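Numbering (the UniProt record's numbering), first residue to last: 1 to 956.
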């Protein structure tokens, strides 16, 4: 195929003809040729060094061929360049570039567009520096006054601005100024072009720089705003949409530049929020949420609420072409199509106080004006609260009162609006909640499915308050009516209503928790009936509702009558779904919740579930290296789900899982998972490691050092901020292992401490759970190895105590404080400079339930009080707020013990050595008054005066 000689490259006629023929067969819908064979042949040609030259030749010069064939050549070239560009011979690169530039002005817009795509890929891979002729070609085209050339250059430039905007805002050797300074004035000029295509492309290009805000744009802001206002009423809807998008982005990142124009801008947005083009209205509608979230003065927007709220409600009515209207007619008997099943991602198990955010079903659905308007109303209700009700409620009441089938969309929008403000306006709505709920419950049986479904959602928005009021007779009757109404709708024949009812019921379950216990049998009967009739998409939501129920009622579920309803259908489904089917994910998640809820009651179901998890992990680890032998394609989510179910089993069965672990190779599989290159696999693996450490550490013992080394490495990585959840779980697992294996953890103690201290010292902005787990694990390491940790305590006491003071009361916090007491026993001087912070940490306890720990804390405080004489203790206390001092007063006396005796002066017990820092004069070193004490049995201490104490704090 390659042409010979040093003359300019020319294609061989035979090769050109063959490639064009293949491209023609590839794009022809009527061709009987095997498309995969054609693709294989084209890939074979890709091995020839000048194959891409043929493609660019066909795109640029094969004018006798159809535009479709030329486009196909260009598309193939673009895709090839992503892998081949950097290894192409410089001569071939240069040939391609020289052929592309003249095509910027091609007469056919499809050719120009394809050329723009290719140029963008070349710039992505080689930058502007690697193509100095490109910028001049753009300038020549933009300044040419020829529409084809201007559009071609503008199209390519807009794609560069979209994909790699930073390249135009960078210094280029040989240029006196950055490319953006060259192009920005020309882009502004095109805002006034008589051609809508140029106005659209130029505005879209400038908008790409709002988030980056280069100095060139910032200094030209007045000109940009002037151009935006000039385009505000452009006849082209696409341009108006871009104007709205620009204002929304500006208010998000640079609200100050719009403040002088706020009132005019609000007036404009009110106008375009009613635009006849829905996409323009949608872009305008984004403004209201952006305005509120930018925390601009609400009083400016307040005066426009009487005009804005009716517009939002009007836009919340279903449009005639809304796809939901078609979907709403789908009966449950109609099988789901593959495209109906939204992508499903399992969230790895996370040990801590910050779980992943709830998945939002709307993220998969099309975002439209109706949803955006409801979201804006929600945000406004949270900013203005009950202030919006006088405007809102008469409109809602009027829409709800509209009778007749033709008005059902208005009634539906009114129910949506009620739900949208259900949280923000709850203070104003609460006195009328009983009437609101009484009105909504009959709508669950409305003849229109979309009214039934929106009524489910709106009731779920009030579920917290419905549950709160269930303590009295009338409130309980309404709670029960809501519960039974949602259960009825779970068995609706309409798919959309099933989905809404199941989701709403899951929300009610979370709020009601143990209040559901008296109704468990009827709830399970409805859920398992739905389980038997739902199609695949909604079946996933039933799994979620069952899992949420298990989480809510916990051990109440562990009764034979309930298990006989719940488990047989789930077990049947468990056997039905193969290990390679992703429908297994929600079932695994469901079993995880059930196992945790039933506790030891799950024992009868545990062996096959445990073994299947082991099998899944084994087959997936094999599939990773040899999918043919494994018989399945590798998918890490199967491993993650299986690990998380094993964690749920471990948590539920406790030590009862020991027999299953001992007869399996879980230890070796888990070790491999802890070293996996996928962070979410490691995250779930370390969660399981910590769970196993709690209940059967002996089975981890043969590989203990390996587990500890791998866990420690998760904390000692420059990428810790990218894998915070992995570090969090590894940190927690180390702490759990530490309190079980005690001194055996000593080889890694200091390497782990050296990783934890920077986390505590730079806690601001970090994941809350990582900071909490770091503080707890540091305390646990100090508890089991105080002699190793205490010599270094002065370097981390302050930040550690701050972190400890933020942790809620629980057994893990108790362990951390045992470590604190152990370190103070070993090195009392190490805490002196942070004594105020230690006192605040102690005061953070609501109550220390452990009598032993309570007494240790009492002894620590009493010891320091005895050590710090002559007003030094009082000086320390004066730095504390009154509430902190009040809380410390409960530690004056140990429980069930006599108060410690006062120190007897003159008894030599120990000496506090104060190290000098820098060039501190020797006279600053405090004189130490030796004192004796029996404080904590082995504590070396000394009495210091208030002046001494101040000096110690300064030195440290």
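The beta carbon of each residue, even a glycine, is placed where N, CA and C say it ideally should be. In this text, all values refer to a predicted model and were calculated from it rather than measured experimentally.
For the alpha helix (DSSP H) containing residue i, name the first residue and the last one.
i           : result
residue 822 : 811 to 826
residue 442 : 433 to 443
residue 19  : 13 to 27
residue 958 : One cannot answer for residue 958 here, as it falls past the ends of the chain, which runs 1 to 956.
residue 650 : 636 to 653
residue 68  : 67 to 84
residue 764 : That residue, residue 764, is in no alpha helix (DSSP H); it is neither H nor E in DSSP.
residue 581 : Careful: residue 581 lies outside any alpha helix (DSSP H) and carries neither H nor E.
residue 235 : Premise fails: residue 235 is in no alpha helix (DSSP H) and is neither H nor E.
residue 529 : 520 to 533
residue 132 : 132 to 142
residue 708 : 704 to 715
residue 112 : 109 to 126
residue 540 : 536 to 553
Helix or strand or just coil, what does DSSP make of residue i?
i           : result
residue 494 : strand
residue 868 : strand
residue 881 : coil
residue 677 : coil
residue 447 : coil
residue 219 : coil
residue 387 : helix
residue 322 : coil
residue 317 : coil
residue 410 : helix
residue 9   : coil
residue 476 : helix
residue 363 : Here the model assigns residue 363 a pLDDT of 34, short of 50, so the residue's position is not dependable, and the following value carries that caveat. Three-state result, residue 363: helix.
residue 905 : Caution is warranted here: a pLDDT of 33 is assigned to residue 905, below 50, making its placement in the model unreliable, and the coordinate value is therefore given only provisionally. Correct three-state label for residue 905: strand.
residue 610 : helix
residue 913 : Unreliable placement is indicated for residue 913, whose pLDDT of 33 sits below 50; the coordinate value is still reported in the next sentence. If DSSP states are grouped into helix, strand and coil, residue 913 belongs with coil.
residue 631 : coil
residue 276 : coil
residue 724 : helix
Rounded to whole angstroms, how far is the Cβ of residue i from the Cβ of residue j, which I believe are closer than 8 Å?
i           : j           : result
residue 290 : residue 248 : 5 Å
residue 458 : residue 415 : 5 Å
residue 451 : residue 417 : That pair is no contact at about 13 Å.
residue 57  : residue 11  : 5 Å
residue 210 : residue 250 : 6 Å
Grab me the residues of residue i's own chain with a C-beta within less than 7 Å of its C-beta, minus the 5 sequence neighbours each way, in chain order.
i           : result
residue 816 : 775, 776, 779, 780 and 804
residue 301 : 266 and 291
residue 700 : 667, 692, 693 and 707
residue 339 : Confidence at residue 339 is low in this model, with a pLDDT of 43, below 50, so the placement of that residue is unreliable and no value is reported for it.
residue 839 : 880, 884 and 888
residue 124 : 163 and 164
residue 877 : 885
Identify, in the order they occur along the chain, each residue of the same chain with its Cβ nearer than 6 Å to the Cβ of residue i, setting aside the five sequence neighbours on each side.
i           : result
residue 580 : 632
residue 593 : 547, 550 and 551
Going by beta-carbon coordinates alone, are residue i and residue j separated by less than 7 Å?
i           : j           : result
residue 60  : residue 99  : yes
residue 214 : residue 169 : yes
residue 134 : residue 179 : no
residue 639 : residue 657 : no
residue 502 : residue 546 : no
residue 606 : residue 557 : no
residue 461 : residue 428 : no
residue 154 : residue 217 : no
residue 526 : residue 487 : yes
residue 528 : residue 586 : no
residue 730 : residue 711 : yes
residue 500 : residue 456 : yes
Please return the same chain residues whose Cβ sits closer than 8 Å to the Cβ of residue i, not counting the five positions on each side in sequence.
i           : result
residue 515 : 467, 470 and 479
residue 410 : 317, 399 and 402
residue 763 : 771, 799, 802 and 803
residue 55  : 19, 73, 74, 76, 77 and 80
residue 325 : 318 and 450
residue 17  : none
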